[in-house]
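Undergrad: Heads up: the protein sequence lines correspond to chains L and H, in order.
Start counting the first sequence at 1; every next residue gets the next number (the working numbering).
Start counting the second sequence at 263; every next residue gets the next number (the working numbering).
We put the CB at the ideal spot given by N, CA and C, even for glycine.
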Amino acid sequence: MTGASPAVVSASKLGLTFQTNDGPVQALSNVDLTIGKGEFVSFIGPSGCGKTTLLRVIADLEKPTSGAISVNGMTPEQARQSRAYGYVFQAAALYPWRTIERNVALPLEIMGLSRAEQAARIKRTLDLVNLSGFEKKYPWQLSGGMQQRASIARALAFDADLLLMDEPFGALDEIVRDHLNEQLLELWERTNKTICFVTHSIPEAVYLSTRIVVMSPRPGRVSDVIESTLPKKRPLDIRETPEFLAIAARVRDGLRAGHSYD
Amino acid sequence: MKQSALPVAIILLALVVVWYVMAVILNAPFQRDLDRRANQTPGVVEFIGKTLAQPKPTLPAPHQVAVNFFENTFLRSITSNRSLVYNAWVTLSSTLLGFAFGTALGIVIAVGIVHVATLDRSLMPWIIASQTIPILAVAPMIIVVLAAVGITGLIPKALISTYLSFFPVAVGMVKGLRSPELTHLDLMHTYNASPSQTFWKLRVPASVPFLFTSMKVAVAASLVGAIVGELPTGAVAGIGAKLLAGAYYSQTIDIWSALVAGSVVAALLVMLVGIAGRLVDRAMGGRPA
Numbered sequence: 001m002t003g004a005s006p007a008v009v010s011a012s013k014l015g016l017t018f019q020t021n022d023g024p025v026q027a028l029s030n031v032d033l034t035i036g037k038g039e040f041v042s043f044i045g046p047s048g049c050g051k052t053t054l055l056r057v058i059a060d061l062e063k064p065t066s067g068a069i070s071v072n073g074m075t076p077e078q079a080r081q082s083r084a085y086g087y088v089f090q091a092a093a094l095y096p097w098r099t100i101e102r103n104v105a106l107p108l109e110i111m112g113l114s115r116a117e118q119a120a121r122i123k124r125t126l127d128l129v130n131l132s133g134f135e136k137k138y139p140w141q142l143s144g145g146m147q148q149r150a151s152i153a154r155a156l157a158f159d160a161d162l163l164l165m166d167e168p169f170g171a172l173d174e175i176v177r178d179h180l181n182e183q184l185l186e187l188w189e190r191t192n193k194t195i196c197f198v199t200h201s202i203p204e205a206v207y208l209s210t211r212i213v214v215m216s217p218r219p220g221r222v223s224d225v226i227e228s229t230l231p232k233k234r235p236l237d238i239r240e241t242p243e244f245l246a247i248a249a250r251v252r253d254g255l256r257a258g259h260s261y262d
Numbered sequence: 263m264k265q266s267a268l269p270v271a272i273i274l275l276a277l278v279v280v281w282y283v284m285a286v287i288l289n290a291p292f293q294r295d296l297d298r299r300a301n302q303t304p305g306v307v308e309f310i311g312k313t314l315a316q317p318k319p320t321l322p323a324p325h326q327v328a329v330n331f332f333e334n335t336f337l338r339s340i341t342s343n344r345s346l347v348y349n350a351w352v353t354l355s356s357t358l359l360g361f362a363f364g365t366a367l368g369i370v371i372a373v374g375i376v377h378v379a380t381l382d383r384s385l386m387p388w389i390i391a392s393q394t395i396p397i398l399a400v401a402p403m404i405i406v407v408l409a410a411v412g413i414t415g416l417i418p419k420a421l422i423s424t425y426l427s428f429f430p431v432a433v434g435m436v437k438g439l440r441s442p443e444l445t446h447l448d449l450m451h452t453y454n455a456s457p458s459q460t461f462w463k464l465r466v467p468a469s470v471p472f473l474f475t476s477m478k479v480a481v482a483a484s485l486v487g488a489i490v491g492e493l494p495t496g497a498v499a500g501i502g503a504k505l506l507a508g509a510y511y512s513q514t515i516d517i518w519s520a521l522v523a524g525s526v527v528a529a530l531l532v533m534l535v536g537i538a539g540r541l542v543d544r545a546m547g548g549r550p551a
């Protein structure tokens with residue numbers, strides 16, 4: 001673990017069982033995890049391993065059925081009520097009847113910020129994701145990558161220290177994804193936020209993370225936690241270094257070990 | 263646009279031809295009867311001409327309806343109670359009032375159904391049942407009951423329109439208010455938004471397209487309600503009153519031109535709602551089709 005830094009997320013013996021028509025499904029079982037401030041943690045695993053569920057539990061979108069979890073030292077519900085995190089969904093989930101700037105303004109309106117404060121934050125976050133000049137556009141006028149950047153801006157405008165991202169680049173092509181990965185790292189470095197990032201891409205996980213949590217399905221559980229030895233500054237071509245490939249190989253091994261192929 | 267004009271024109275022309283043929287066939291027995299009594303033996307062309315020029319034909323020919331419609335629309339003072347414009351206005355005013363009531367009622371019911379689980383289970387069957395009762399059976403009761411409490415004139419007629427028009431709006435808005443995607447709702451949840459914020463910032467804008475679609479159906483239903491409402495009220499003016507008077511005096515041409523007036527009004531109303539819908543859609547950043 002990362003030692004002295006205070007825990008942003010702390011889970012112990014966390015479990016979640018969904019009651020379905022085909023009987024109970026154990027989406028999460030016995031998850032122990034501590035995420036420190038400023039970390040970039042990726043959750044990787046095959047579908048059904050509970051990585052998205054875990055993120056949703058942190059966000060209080062799902063309630064755990066066993067174990068304990070705290071976010072910023074509070075329950076997830078309290079954390080959500082104190083607006084402790086910004087959440088980026090797999091789809092950009094922009095409201096189609098709002099322009100980009102009104103979409104970014106949405107959480108700010110709900111928080112009841114003044115018009116001036118809203119305008120300042122919209123400008124700052126759209127600058128941060130390189131979308132200045134697109135304020136008045138509607139979502140359909142933007143490409144998929146730009147829409148996802150707008151949704152990241154919306155999560156950032158919240159100004160929470162914790163950013164939860166659920167496969168935000170999953171639907172984008174490789175080139176756009178590389179570009180956004182680079183931008184995300186840059187942003188993380190500048191803002192010093194804690195980021196929890198769900199992905200099913202090994203290179204993406206290794207490239208971005210300070211720590212990689214490998215998960216496996218049936219029941220959804222943590223099968224390995226890998227500390228990255230890569231430096232904080234990471235140019236894209238770091239992905240060809242032996243160090244990078246070694247970590248990627250460990251992740252792949254972890255995924256294989258946890259996968260039963262039944 | 264240009265390519266589709268020709269087939270449409272051909273179909274229209276075919277319909278007119280069919281109408282003429284039917285007019286000749288249906289009016290022929292009466293015309294033969296007349297000729298026999300007058301001891302006339304007209305040639306085929308003359309006979310056909312006569313079947314298309316009867317004052318009270320079984321089926322009026324298109325040109326008879328057109329002439330009647332034109333005279334009663336453009337050549338009469340619009341304050342005359344024979345003017346179709348005057349009669350259409352009488353019906354239109356109660357249609358619009360009833361439509362406004364109906365839309366408001368439909369929205370209120372939908373909001374209730376979406377937010378209160380008890381209403382969802384208890385109200386919907388009644389709403390559906392209300393629409394299975396023939397409006398002709400309900401209309402006189404509404405008129406009589408309201409007259410008993412001293413409400414007469416425009417309101418009872420408008421309420422019959424309301425009775426027909428709230429239904430599509432209620433059903434459409436229930437669907438519209440429930441139309442937001444799960445992620446859009448989750449997003450509101452992560453913002454710790456209050457139910458009223460979720461309602462105004464998400465459910466209401468998401469329901470707007472549904473509102474306009476159901477309003478198109480509702481406005482046409484309102485017009486039907488207003489016309490039907492004029493039948494048992496003994497109304498002296500309105501498209502319904504024209505239809506009734508035409509039926510009393512076998513003025514078939516008047517009946518048909520009143521029908522034409524009714525459909526023109528209906529088409530205009532549906533078109534206006536459609537235009538309003540498009541304007542709102544554009545103002546809400548809708549993608550041009």
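Going along chain H in order, which residues have a C-beta closer than 9 Å to the C-beta of A91 (chain L)?
TA: Translated into positions along the first sequence, residue 91 (chain L) becomes position 91. Here the neighbours are E443, T445.
Undergrad: Hey, does R465 (chain H) have any beta-carbon neighbour from chain L nearer than 8 Å?
TA: Working through the second sequence from its first residue, we reach residue 465 (chain H) at position 203. Closer than 8 Å: no.
Undergrad: Is the beta carbon of A372 (chain H) less than 8 Å from the beta carbon of A468 (chain H)?
TA: Locating residue 372 (chain H) in the second sequence gives position 110, where the first residue counts as 1. Locating residue 468 (chain H) in the second sequence gives position 206, where the first residue counts as 1. Result no, Cβ atoms of A372 (chain H) and A468 (chain H) do not sit closer than 8 Å.
Undergrad: Any C-beta of chain L within less than 9 Å: which residues of the segment 308 to 337 of chain H qualify?
TA: Contact residues of the segment 308 to 337 of chain H toward chain L are absent (C-beta to C-beta distance below 9 Å).
Undergrad: Enumerate, from N- to C-terminal direction, the unbroken alpha helix (DSSP H) stretches of 4 or more residues contained entirely within the segment 445 to 532 of chain H.
TA: 457 to 460, 466 to 492, 501 to 510
Undergrad: Against chain H, which members of the segment 13 to 39 of chain L pass a CB distance test of less than 9 Å?
TA: none
Undergrad: I need the DSSP call for Y138 (chain L), collapsed to helix, strand or coil.
TA: Your numbering for residue 138 (chain L) matches position 138 in the first sequence. Coil at Y138 (chain L), not helix or strand.
Undergrad: Does DSSP classify M546 (chain H) as helix, strand or coil?
TA: The count along the second sequence starts at 1 and reaches residue 546 (chain H) at position 284. Coil, per DSSP.
Undergrad: My parser needs the alpha helix (DSSP H) runs of 4 or more residues fully inside the segment 264 to 307 of chain H; what are they?
TA: 264 to 299
Undergrad: Consider the Cβ of P64 (chain L): report whether some Cβ of chain H lies at a distance smaller than 8 Å.
TA: In the first sequence, the residue the question calls residue 64 (chain L) occupies position 64. So, not an interface residue.
Undergrad: For a test of the three-state rule: what should DSSP assign to A11 (chain L), helix, strand or coil?
TA: Here residue 11 (chain L) refers to the residue found at position 11 when the first sequence is read from its first residue. A11 (chain L): strand per DSSP, three-state reduction.
Undergrad: Does P322 (chain H) pass the burial test, meaning 16 or more other C-beta atoms within 10 Å, or should it be called exposed?
TA: Taking the second sequence and counting its residues from 1, one reaches residue 322 (chain H) at position 60. It counts as buried.
Undergrad: Should A59 (chain L) be flagged as near chain H, meaning a C-beta pair shorter than 8 Å?
TA: By one-based count along the first sequence, residue 59 (chain L) stands at place 59. When Cβ-Cβ separations below 8 Å define contact, A59 (chain L) makes contact with chain H.
Undergrad: Using a Cβ-Cβ cut-off of 8 Å (strictly less than) and excluding sequence neighbours within five positions of M546 (chain H), which residues of its own chain qualify?
TA: In the second sequence, counting from the first residue as 1, residue 546 (chain H) sits at position 284. Contacts found: P467, V470.
Undergrad: State yes or no: is the C-beta of A350 (chain H) within less than 8 Å of the C-beta of I489 (chain H)?
TA: Your numbering for residue 350 (chain H) matches position 88 in the second sequence. Your numbering for residue 489 (chain H) matches position 227 in the second sequence. Against a cut-off of 8 Å, the Cβ pair of I489 (chain H) and A350 (chain H) comes out as no contact.
Undergrad: Closer than 9 Å, Cβ to any Cβ of chain H: which residues of the segment 75 to 88 of chain L, in chain order?
TA: Against chain H - using a Cβ distance shorter than 9 Å - the residues of the segment 75 to 88 of chain L are R80, Q81, S82, R83, Y85, G86, Y87.
Undergrad: Does the distance from the C-beta atom of G220 (chain L) to that of Q26 (chain L) stay below 8 Å?
TA: Mapped onto the first sequence, residue 220 (chain L) falls at position 220. Mapped onto the first sequence, residue 26 (chain L) falls at position 26. Contact: yes.
Undergrad: Tell me which residues share the same chain as A401 (chain H) and place their Cβ nearer than 6 Å to its Cβ, disregarding the 5 neighbours each side in the sequence.
TA: The residue you call residue 401 (chain H) lines up with position 139 of the second sequence. The answer, listed in chain order, is I422, V490, G491, P494.
Undergrad: Hey, how far is the Cα of S201 (chain L) from the Cα of L245 (chain L)?
TA: In the first sequence, residue 201 (chain L) corresponds to position 201, counting from 1. In the first sequence, residue 245 (chain L) corresponds to position 245, counting from 1. So the alpha carbons of these two residues sit roughly 14 Å apart.
Undergrad: Would you identify the three-state DSSP class for P442 (chain H), choosing helix, strand or coil?
TA: Position 180 of the second sequence, counted from the start, is the residue given in the question as residue 442 (chain H). Reduced to three states, the DSSP call for P442 (chain H) is coil.
Undergrad: With DSSP collapsed to three states, give me the class of S42 (chain L).
TA: For the purposes of this step, residue 42 (chain L) is taken as the residue at position 42 of the first sequence. In the structure shown, S42 (chain L) sits in a strand (DSSP, three-state: E or B).
Undergrad: Which value, in whole angstroms, describes the spacing of the CA atoms of T380 (chain H) and P457 (chain H)?
TA: Locating residue 380 (chain H) in the second sequence gives position 118, counting from the first residue. Locating residue 457 (chain H) in the second sequence gives position 195, counting from the first residue. Computed Cα separation, rounded: 18 Å.
Undergrad: In this structure, how does DSSP classify Y87 (chain L) when only helix, strand and coil are distinguished?
TA: On the first sequence, position 87 is the one that residue 87 (chain L) refers to. In this structure, Y87 (chain L) counts as strand in the three-state DSSP scheme.
Undergrad: Of all the options L:Q141, L:S216, L:L187, which has the alpha carbon lying nearest to the alpha carbon of L128 (chain L)?
TA: Walking along the first sequence from the start, residue 128 (chain L) turns up at place 128. Minimum Cα-Cα distance from L128 (chain L) among the listed residues L:Q141, L:S216, L:L187 corresponds to L:L187.
Undergrad: Measure the alpha-carbon distance for V280 (chain H) versus Q326 (chain H) and round it to whole angstroms.
TA: Against the second sequence, residue 280 (chain H) aligns to sequence position 18. Against the second sequence, residue 326 (chain H) aligns to sequence position 64. Distance between the alpha carbons of V280 (chain H) and Q326 (chain H) is about 15 Å.
Undergrad: When DSSP labels each residue in this structure, what does I35 (chain L) get in the three-state scheme?
TA: Taking the first residue of the first sequence as position 1, residue 35 (chain L) is located at position 35. In this structure, I35 (chain L) counts as strand in the three-state DSSP scheme.
Undergrad: Inspect the CB distances between the segment 21 to 41 of chain L and the segment 84 to 96 of chain L and report whether three or more fall short of 8 Å.
TA: The answer is no - the segment 84 to 96 of chain L does not touch the segment 21 to 41 of chain L, with fewer than three Cβ pairs under 8 Å.
Undergrad: If you pair each beta-carbon of the segment 74 to 91 of chain L with each one of the segment 159 to 170 of chain L, do three or more pairs fall below 8 Å?
TA: yes
Undergrad: If you reduce the DSSP assignment to three classes, tell me which class E109 (chain L) lands in.
TA: Position 109 of the first sequence holds residue 109 (chain L). If DSSP states are grouped into helix, strand and coil, E109 (chain L) belongs with the helices.
Undergrad: Checking 8 Å against the spacing of the C-beta atoms, do F474 (chain H) and G368 (chain H) come in under that value?
TA: Sequence index remark: in the second sequence, residue 474 (chain H) carries index 212 (1-based). Sequence index remark: in the second sequence, residue 368 (chain H) carries index 106 (1-based). No, the Cβ-Cβ distance between F474 (chain H) and G368 (chain H) is not below 8 Å.
Undergrad: When Cβ atoms are compared, which residues of the segment 104 to 116 of chain L fall closer than 8 Å to chain H?
TA: L106, P107, E109, I110, M111
Undergrad: Here's a check: name, in chain order, each residue in its chain whose Cβ is nearer than 7 Å to the Cβ of G434 (chain H), leaving out the five neighbours to either side.
TA: By 1-based counting over the second sequence, the position of residue 434 (chain H) is 172. Taken in chain order, the residues that qualify are F472, L473, T475, S476.
Undergrad: I believe F43 (chain L) touches K51 (chain L) by the beta-carbon criterion, under 8 Å. Please report the beta-carbon distance rounded to the nearest angstrom.
TA: For the purposes of this step, residue 43 (chain L) is taken as residue 43 along the first sequence, with counting starting at 1. For the purposes of this step, residue 51 (chain L) is taken as residue 51 along the first sequence, with counting starting at 1. That belief holds up - the Cβ atoms of F43 (chain L) and K51 (chain L) are roughly 4 Å apart, short of 8 Å.
Undergrad: In chain H, what lies closer than 8 Å to T99 (chain L) by C-beta?
TA: If you number the first sequence from 1, residue 99 (chain L) lands on position 99. By Cβ distance, chain H contributes G547.
Undergrad: In terms of alpha-carbon separation, which member of L:G170, L:D166, L:R124 lies closest to F144 (chain L)?
TA: Counting from one through the first sequence, the residue named residue 144 (chain L) turns up at place 144. It is worth fixing the name first, because residue 144 (chain L) is Gly in this sequence and not Phe. Looking at the Cα atoms, L:G170 is the closest of the given residues.
Undergrad: Locate the beta strand (DSSP E) running through A399 (chain H), then write down its first and last residues.
TA: The count along the second sequence starts at 1 and reaches residue 399 (chain H) at position 137. Per DSSP, A399 (chain H) belongs to no beta strand (DSSP E); it is in the alpha helix (DSSP H), 397 to 410.
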